[in-house]
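Here's the structure we're looking at; comments come further down.
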Amino acid sequence: MWVNTKRIFKAGFIAFCRNAFVSLSAVLIMVVTLFFIGCIIFSSALLKSSLQTIRDKVDINVYFVTNSQESDVLLFKKTLEKMPEVSKVEYISQDQALDNFRKRHENDQITLQALDELGDNPLGAVLNVKAKETSQYESIANFLNQQNLAQGDNSIIDKINYYQNKDAIDRLTKLIDSGQKIGVVLAIIFALISILITFNTIRLAIFTAKDEISVMQLVGANHIYIRGPFMVGGILYGLTAGIITLILFYPFTYWLNTYTETFFAGDGIFTYYIHNFGQLFLIIIGSGIAIGAVSSFLAVRRHLN
Amino acid sequence: MIYFDNVSKIYDDDSVGLHGVTLKIEPKEFVSIVGHSGAGKTTLLKMILAEEKPTEGKVFFESTNIHDIRKKHMPDYRRHIGVIFQDFRLLPHKTAYENIAFAMEVAGRDEEEIQADVTHVLELVGLGRKMWSFPHQLSGGEKQRVAIARAIVNQPDLIIADEPTGNLDPENTFEVIQLFKKINDLGTTVVLTTHNKGVIDSLNRRVITMEGGKVVRDEVKGGYVL
Chain S
1 MWVNTKRIFK AGFIAFCRNA FVSLSAVLIM VVTLFFIGCI IFSSALLKSS LQTIRDKVDI
61 NVYFVTNSQE SDVLLFKKTL EKMPEVSKVE YISQDQALDN FRKRHENDQI TLQALDELGD
121 NPLGAVLNVK AKETSQYESI ANFLNQQNLA QGDNSIIDKI NYYQNKDAID RLTKLIDSGQ
181 KIGVVLAIIF ALISILITFN TIRLAIFTAK DEISVMQLVG ANHIYIRGPF MVGGILYGLT
241 AGIITLILFY PFTYWLNTYT ETFFAGDGIF TYYIHNFGQL FLIIIGSGIA IGAVSSFLAV
301 RRHLN
Chain X
1001 MIYFDNVSKI YDDDSVGLHG VTLKIEPKEF VSIVGHSGAG KTTLLKMILA EEKPTEGKVF
1061 FESTNIHDIR KKHMPDYRRH IGVIFQDFRL LPHKTAYENI AFAMEVAGRD EEEIQADVTH
1121 VLELVGLGRK MWSFPHQLSG GEKQRVAIAR AIVNQPDLII ADEPTGNLDP ENTFEVIQLF
1181 KKINDLGTTV VLTTHNKGVI DSLNRRVITM EGGKVVRDEV KGGYVL
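For the protein sequence lines, the chains are S and X, in the order given.
The working numbering applies: residue 1 is where the first sequence begins, and numbers increase by one.
The working numbering applies: residue 1001 is where the second sequence begins, and numbers increase by one.
Right, dumping it as structure tokens:
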């Protein structure tokens, strides 16, 4: 068994080296496929990161009346934090709200003068509420609304901005959902197309060896002995193509880094490549080996009687 | 050793490959099969190799019906037969040595045995110096001698040679036929098809003549008569 395995691997390796031209074309086609699979991974990371950035920007702001007590607002904050839909609640005190306002309008002297003339702080405290999923904002807003109505005239809530932003949030939720679905479908379609092209290239390479396969059968080789070296060849195509692809991604992502920094919160695609190299290595090399081995297995099967 | 029992082969396009062929080949015989192109010679050989199935009748190797052999046992059966073709059919990316070693490897022989036997058999066919040459570096006669070496290295019970001298010049033809005679003298059954009258007449062995898929003549010491 061990001797046979050794012979199969040796024969596959020798055939890979001696059929240099056929090997080269198969490897090049596979590099294109693996590069494409890699680009799908990068695009998906890019999309995920962009969507996350957009998601992070969506929140519900609860404005409190100016005469509300800080302890009441903090109690309300605790209630909100207990909700399963809520991921984070940020408290902005009245003073902080005023500071923020001043900073935002530091170049607008008229507004600042008007504020100074008022004397009292006209701004109430604010709670910025973030949901775990954008689709959950509605239920949070409904809860807040119920609280507001239940307390009637004693309510400390002045305004909830969800209903003003509802359309934008709804559209964003749909966009995120569609973006993810379309991304997955497109990735699957393109990956399948490129895998089929690779399969056909390997099939063509093995078609040129169909006479060899029939001779091997006539001299009494069993199917494992015939198929084995071709599968080893396929695995070597995948391995070589995978290594070339990973090397190519280094300058490619480096070049794209500055263009993608905005999507990855300042890090860029090159940093993503370096940080996730282990995972990418396994996916690219694994895909190459799997495509090569399966394509060879199926292609040889056609010529075995 | 081989027995054709009323074997017919009709192809999908209704052409007749064999028609009611009954014949017996004994162990250690040297049998030549002659006939025009399309007479059924190659179909007959393919039946023995189990490359074709008969439409009617049975083909036996010893006591086994060849076409009852299960797919997974076919490699074992084929290792009893050495095959030689007009177009040599060597594995193009293997050297002469590797082509012959391959036939031994698939039979599960160990490395030491392979090394000793391949070297010996290449010396026997006069190619000891060319064992590391690839097929494209060899002449037609040399390629055929490699094919013969590959066919005999596992010491098969039967050698099938389908027009082995068709692509060779007279000198190489003579040498190849001498090799077949030698192999036969050592006890291996040889079945040869050829169009070469000189070869058949010089052999002075059993000759089966085929025409339109039928055996029309079977002579113990025959000549080339069509």
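Using N, Cα and C, we set each Cβ at its ideal position, and we do this for glycine too.
Owing to the predicted nature of the structure, the values given are computational and were not obtained by experimental measurement.
Selection from the options that minimises the alpha carbon distance to residue i
i                         : options                                       : result
asparagine 200 of chain S : S/Ile283, S/Ile176 and S/Leu298               : S/Leu298
serine 287 of chain S     : S/Thr134, S/Met1 and S/Tyr237                 : S/Tyr237
aspartate 95 of chain S   : S/Lys82, S/Asn67, S/Thr260 and S/Ile60        : S/Asn67
tyrosine 254 of chain S   : S/Leu248, S/Ile206, S/Lys10 and S/Phe270      : S/Phe270
leucine 1186 of chain X   : X/Ile1200, X/Arg1205, X/Glu1211 and X/Gln1155 : X/Gln1155
serine 23 of chain S      : S/Leu196, S/Thr240, S/Val89 and S/Glu90       : S/Thr240
valine 89 of chain S      : S/Phe64, S/Asp59 and S/Gly220                 : S/Asp59
asparagine 161 of chain S : S/Glu133, S/Leu149, S/Asn145 and S/Ile193     : S/Asn145
alanine 15 of chain S     : X/Gly1040, X/Lys1094 and X/Ala1151            : X/Lys1094
methionine 30 of chain S  : S/Asp158, S/Ser296 and S/Leu186               : S/Ser296
histidine 303 of chain S  : S/His275, S/Asp267, S/Gly228 and S/Ile213     : S/Ile213
glycine 1223 of chain X   : X/Pro1075, X/Asp1201, X/Arg1070 and X/Asn1099 : X/Asp1201
isoleucine 8 of chain S   : S/Gly268, S/Ile110 and S/Phe230               : S/Phe230
valine 1125 of chain X    : X/Ala1147, X/Glu1105, X/Phe1134 and X/Glu1111 : X/Ala1147
leucine 1192 of chain X   : X/Lys1214, X/Asp1169 and X/Ile1160            : X/Ile1160
leucine 175 of chain S    : S/Gly38, S/Ala125 and S/Ile54                 : S/Ile54
serine 1139 of chain X    : X/Lys1214, X/Val1153, X/Lys1046 and X/Glu1171 : X/Glu1171
histidine 275 of chain S  : S/Tyr259, S/Ala293, S/Tyr250 and S/Thr258     : S/Tyr250
serine 139 of chain S     : S/Val300, S/Val86 and S/Ile110                : S/Val86
Residue i at chain X interface by Cβ criterion, 8 Å
i                          : result
aspartate 56 of chain S    : no
phenylalanine 7 of chain S : First, the residue type needs correcting, since residue 7 of chain S is arginine and not phenylalanine in the sequence shown. It does; some Cβ of chain X falls within 8 Å.
glycine 278 of chain S     : no
arginine 18 of chain S     : yes
leucine 236 of chain S     : no
glycine 220 of chain S     : yes
alanine 299 of chain S     : no
valine 232 of chain S      : no
glutamate 212 of chain S   : yes
tyrosine 250 of chain S    : no
valine 27 of chain S       : no
alanine 205 of chain S     : no
tyrosine 225 of chain S    : yes
Cβ-Cβ separation, residue j to residue i (assumed contact under 8 Å), whole Å
i                          : j                          : result
alanine 1101 of chain X    : isoleucine 1114 of chain X : 5 Å
methionine 1131 of chain X : alanine 1096 of chain X    : 5 Å
proline 1048 of chain X    : isoleucine 1084 of chain X : The identity of residue 1048 of chain X in the sequence shown is isoleucine, whereas the question assumes proline. Rounded, the Cβ-Cβ distance is 13 Å, inconsistent with contact.
leucine 127 of chain S     : lysine 77 of chain S       : 6 Å
glycine 1035 of chain X    : threonine 1194 of chain X  : Not really, about 10 Å apart at Cβ, beyond 8 Å.
threonine 1055 of chain X  : serine 1008 of chain X     : 5 Å
threonine 1189 of chain X  : lysine 1028 of chain X     : 6 Å
proline 1092 of chain X    : histidine 1136 of chain X  : 7 Å
glycine 183 of chain S     : leucine 47 of chain S      : 5 Å
valine 219 of chain S      : alanine 1103 of chain X    : 4 Å
For residue i, three-class secondary structure by DSSP
i                             : result
glycine 1213 of chain X       : coil
histidine 303 of chain S      : helix
tyrosine 250 of chain S       : helix
tyrosine 1003 of chain X      : strand
leucine 172 of chain S        : helix
lysine 1009 of chain X        : strand
serine 1015 of chain X        : coil
valine 219 of chain S         : coil
glutamate 106 of chain S      : coil
serine 1133 of chain X        : coil
tyrosine 1224 of chain X      : coil
alanine 1161 of chain X       : strand
phenylalanine 1061 of chain X : strand
Cβ neighbour criterion (16 or more within 10 Å) applied to residue i
i                          : result
valine 944 of chain X      : Past the boundaries of the shown model lies residue 944 of chain X; chain X is included only from 1001 to 1226, so the question cannot be answered.
glutamate 106 of chain S   : exposed
glutamine 1086 of chain X  : buried
lysine 130 of chain S      : buried
lysine 1143 of chain X     : buried
asparagine 1006 of chain X : exposed
aspartate 1068 of chain X  : exposed
glutamate 1123 of chain X  : exposed
leucine 1045 of chain X    : buried
Residue-chain proximity (residue i, chain S), Cβ-Cβ < 8 Å
i                             : result
leucine 1049 of chain X       : yes
valine 1262 of chain X        : As displayed, chain X neither begins before 1001 nor continues past 1226, which places residue 1262 of chain X out of reach and without an answer.
valine 1125 of chain X        : no
histidine 1120 of chain X     : no
valine 1083 of chain X        : yes
phenylalanine 1061 of chain X : no
alanine 1096 of chain X       : no
proline 1075 of chain X       : yes
arginine 1078 of chain X      : yes
glutamate 1142 of chain X     : no
leucine 1045 of chain X       : no
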